[in-house]
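Protein chains in written order, with the numbering used here: chain A, 99 to 468; chain B, 99 to 468. Heads up, the beta-carbon is just placed ideally off N, CA and C, and yes, glycines get one too. Following: one structure in structure tokens, then a few remarks.
2 protein chains.
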Amino acid sequence: MTDIKRRKFLKTAGTGGLAVAAAGIAAPAIAQSAPEIKWRLASSFPKSLDTLWGGAETFSKAVAEMTDNKFQIQNFAAGELVPALQVADAVTNNTVEVGHTAAYYYWGKDPTFSFGASVPFGLNFRMQSAWMYQLGGIELMNEFYKKFKIYALPGGNTGTQMGGWFRKEINTVDDLKGVKMRISGFAGAVIAKLGVVPQQIAGGDIYPSLEKGTIDAAEWVGPYDDEKLGFAKVAKFYYYPGWWEGQTQLSLYFNLDKFEALPKSYQAVVKAAAHTANEWVMSKYDVLNPQALRKLVAGGTQLRGFSEAIMDASYAAALEVYTEISAKNADFKKVYESMKAARGEGYLWQQVAEASYDRYMMGLQSKGKI
Amino acid sequence: MTDIKRRKFLKTAGTGGLAVAAAGIAAPAIAQSAPEIKWRLASSFPKSLDTLWGGAETFSKAVAEMTDNKFQIQNFAAGELVPALQVADAVTNNTVEVGHTAAYYYWGKDPTFSFGASVPFGLNFRMQSAWMYQLGGIELMNEFYKKFKIYALPGGNTGTQMGGWFRKEINTVDDLKGVKMRISGFAGAVIAKLGVVPQQIAGGDIYPSLEKGTIDAAEWVGPYDDEKLGFAKVAKFYYYPGWWEGQTQLSLYFNLDKFEALPKSYQAVVKAAAHTANEWVMSKYDVLNPQALRKLVAGGTQLRGFSEAIMDASYAAALEVYTEISAKNADFKKVYESMKAARGEGYLWQQVAEASYDRYMMGLQSKGKI
Chain A
99 MTDIKRRKFL
109 KTAGTGGLAV
119 AAAGIAAPAI
129 AQSAPEIKWR
139 LASSFPKSLD
149 TLWGGAETFS
159 KAVAEMTDNK
169 FQIQNFAAGE
179 LVPALQVADA
189 VTNNTVEVGH
199 TAAYYYWGKD
209 PTFSFGASVP
219 FGLNFRMQSA
229 WMYQLGGIEL
239 MNEFYKKFKI
249 YALPGGNTGT
259 QMGGWFRKEI
269 NTVDDLKGVK
279 MRISGFAGAV
289 IAKLGVVPQQ
299 IAGGDIYPSL
309 EKGTIDAAEW
319 VGPYDDEKLG
329 FAKVAKFYYY
339 PGWWEGQTQL
349 SLYFNLDKFE
359 ALPKSYQAVV
369 KAAAHTANEW
379 VMSKYDVLNP
389 QALRKLVAGG
399 TQLRGFSEAI
409 MDASYAAALE
419 VYTEISAKNA
429 DFKKVYESMK
439 AARGEGYLWQ
449 QVAEASYDRY
459 MMGLQSKGKI
Chain B
99 MTDIKRRKFL
109 KTAGTGGLAV
119 AAAGIAAPAI
129 AQSAPEIKWR
139 LASSFPKSLD
149 TLWGGAETFS
159 KAVAEMTDNK
169 FQIQNFAAGE
179 LVPALQVADA
189 VTNNTVEVGH
199 TAAYYYWGKD
209 PTFSFGASVP
219 FGLNFRMQSA
229 WMYQLGGIEL
239 MNEFYKKFKI
249 YALPGGNTGT
259 QMGGWFRKEI
269 NTVDDLKGVK
279 MRISGFAGAV
289 IAKLGVVPQQ
299 IAGGDIYPSL
309 EKGTIDAAEW
319 VGPYDDEKLG
329 FAKVAKFYYY
339 PGWWEGQTQL
349 SLYFNLDKFE
359 ALPKSYQAVV
369 KAAAHTANEW
379 VMSKYDVLNP
389 QALRKLVAGG
399 TQLRGFSEAI
409 MDASYAAALE
419 VYTEISAKNA
429 DFKKVYESMK
439 AARGEGYLWQ
449 QVAEASYDRY
459 MMGLQSKGKI
């Protein structure tokens, strides 16, 4: 009830004041503020990818624990209720109240979605947090998401991803020409400018495609997930970094009407549970990736860094795509400008104390001194 | 009630079963699980240092919002209830139920406290999160804290700190000899081995000490807080990195008995609110530090990196102190071994995708290309 309506109501109901007051007492405040709610969450990830799937589990568990199980969210893995890449639609249509997904899967609807996950030569994890939580990133994305009846919060992060698996070495920009690579959306549009033939293939179908030689290369996430999917058995060279994913944020998507109808206390619970999931996924990857990397290298995987020339050509190609899309999409342009400002400031600061400390520690690490 | 006691109770109370059940119904479950609670929090920080103080504010606000103001925590700044460096004692003694502080302030009680904040050549922010949330860091520290009747959770982070302000240039290890520097605890013990004379001085007293020349150098946090405290006016050279603070975690300290007596749902609320505060403080620093750095440099501050030789000598000195303390303190040794394992794995992984991406992006940043 708006304040104006409430005052009107109190005025017109003046003669029946006692009855109104009595009705107020009859419904205890506690029941209104902590109702029993059961929601369903559709994840874009299978249970086997336990870091990604685990983000949704961590979120729903925190919500249940904080509300004494009064607010329960049941999680469904990719394909159980809706296909992996249709989670946004399911939230928009209120087929499910919540989705746990990567926003760039919906690049085809509007490229602006990508900023909710990752964009080429974008932010790293720390900068994404700064942008989202302090520089209006959450608000800016939600302004855009209104068109899709979605309210979104960060709900996990992978950190910088790897550049993917190649069956042959990529030493020069020319070596990329004609390479059929599983790489999607924005990154696919950029790398196509260097002659790569991008392919959209779901996670579970990458391994057979690489094995059969339908594709020559594939990127997925990082050592932990990639080792699980077995890519090392069919491609020898593992490149870094994934310049299209300096960080990749997972998103919790809520049906906007459903989120707005929640009691304020439940909205606060959801926000804090999203923070919990965000730190859980990032820290889980940071523990599991080094173990998997060690295993991959022991098994014969060859680690390779993209050359400076490849990075430069990719950056130039990315700028072209940013310019092309910005020219015809005002939402995209607006969010891009905001992200760019966060990135410039972020790298200005992180190159000082943070990078010099890490550089020294990495030196000790590679000399076996820590 | 333990399960054995409960079964015994049910058995002996068998004949009066109906009365027991009736009593159970009479007290509605809702009242038990969401009681009205008012707690007090003592911060080690003044309100003027709004990122540090803001961590406690973010925490208490999240707790209140999630519980419809039924669980209220009133925050008191440093000195309002207890002095800045006596927050741990106040929590142990239940003078306040909660403290928001930096664990290394209590290095004098036991050096093991330091791992809850920062140790020389320790973890960076990402690794601290991985260690705390996924590798048993929280549990290990709380095992130690039991002696002090404290239960602790991460409640903010500064990231890598700066190496501090010097009135003269420090080009060689010899230049450090005889320098009177405001630097405390563990870091002070290490840097003393290089000839620095460490001084324990509270935040508010650093500026006059530097101005009067009672000290020649001082470290505090980073650009944002340091600029506020005015150090640039009395010392020209600003060094990086603070090798004694690769990250510095703020801690929420709870009186152990009080925490354990909370309903499970409130314990969950407290944990999620701590995650919220942790991300808030880190992201706030990441937004404010670059602005302050820009201002400092425009005002004439000279940025200087510690030389490799100074870093090496400091690392050697740190190893000596780690060895000395480990030989006589089993708690310290146990936590140190756990931290070291997390650090080795962390840097193994972060030097691959993460560092190569950041290095390339920092290159673009310094060429003015992003």
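Item                                                                                                                                : Value
Sequence-distant residues of the same chain with beta carbon closer than 6 Å to A:R280, five excluded per side                      : Q297, I299, I304, I313 and A316
Three-way DSSP call (helix, strand, coil) for A:S349 in this model                                                                  : strand
Cβ pair count under 8 Å reaching 3, the segment 253 to 267 of chain A against the segment 368 to 381 of chain A                     : yes
Start and end residues, alpha helix (DSSP H) containing B:I236                                                                      : G235 to Y243
Three-state class that DSSP yields for A:Q170 in the structure shown                                                                : strand
Burial state of A:T270, where buried means 16 or more other Cβ atoms lie within 10 Å                                                : exposed
Boundaries (first-last residue) of the beta strand (DSSP E) holding A:G262                                                          : G262 to F264
Cβ of B:E267 within 8 Å of any chain A Cβ                                                                                           : no
Cutoff 6 Å; reference A:L183; Cβ partners in own chain excluding five residues on either side                                       : Y203
Interface flag, A:V196 vs chain B, CB-CB below 8 Å                                                                                  : no
A:I171 versus A:D355 - alpha carbon distance                                                                                        : 17 Å
Chain A within 8 Å of B:M164, Cβ atoms only                                                                                         : yes
Whole-angstrom C-beta distance between A:F246 and A:T190, which should lie under 8 Å                                                : 5 Å
Beta bridge counterpart(s) of A:R402 as assigned by DSSP                                                                            : A:Y337
Opposing strand residues paired with A:K136 [DSSP bridges]                                                                          : A:Q170
Chain B contact residues for A:K382, given Cβ-Cβ distances below 9 Å                                                                : A228, Y231 and Q232
Closer than 8 Å at the beta carbon, the chain A residues around B:M225                                                              : D384
B:P209 in three-state terms, based on DSSP                                                                                          : helix
8 Å Cβ cutoff, A:G254 in contact with chain B                                                                                       : no
Beta carbon proximity, B:K465 to chain A, threshold 8 Å                                                                             : no
Span separating the alpha-carbon of B:D324 from that of B:S212                                                                      : 22 Å
The segment 447 to 466 of chain B: positions lying closer than 9 Å to chain A by Cβ                                                 : W447, Q448, Q449, V450, A451, E452, A453, S454, Y455, D456, R457, Y458, M459, M460, G461, L462, Q463 and S464
Neighbouring residues, chain B, relative to A:M409 (Cβ below 7 Å)                                                                   : Y458
B:K278 (DSSP reduced to helix, strand or coil)                                                                                      : strand
Reference B:H198; option with closest CA among B:P209, B:V185 and B:S282                                                            : B:V185
Proximity of A:V332 and A:E309 at Cβ, strictly below 8 Å                                                                            : yes
At least 3 beta-carbon pairs within less than 8 Å: the segment 422 to 433 of chain A vs the segment 397 to 410 of chain B           : no
Helix, strand or coil at A:G152 according to DSSP, with G and I counted as helix                                                    : helix
Contact with chain A by B:R39, beta-carbon distance below 8 Å                                                                       : With chain B represented from 99 up to 468, any question about residue 39 of chain B goes unanswered, as that position is not in the structure.
Straight-line Cα distance separating A:L221 from B:A451                                                                             : 13 Å
CB contact check: A:F352 to chain B, cutoff 8 Å                                                                                     : no
Inter-stretch contact (C-beta, 8 Å, three-pair minimum) for the segment 224 to 236 of chain A and the segment 431 to 448 of chain A : yes
Contact set between A:L401 and chain B, taken where Cβ atoms lie within less than 8 Å                                               : V450
Proximal residues of chain B, C-beta to C-beta of A:I468 below 8 Å                                                                  : F219, K438, R441, G442 and Y445
Extent of the continuous alpha helix (DSSP H) to which B:T374 belongs                                                               : K362 to A396
Simplified DSSP assignment, three categories, for B:G253                                                                            : strand
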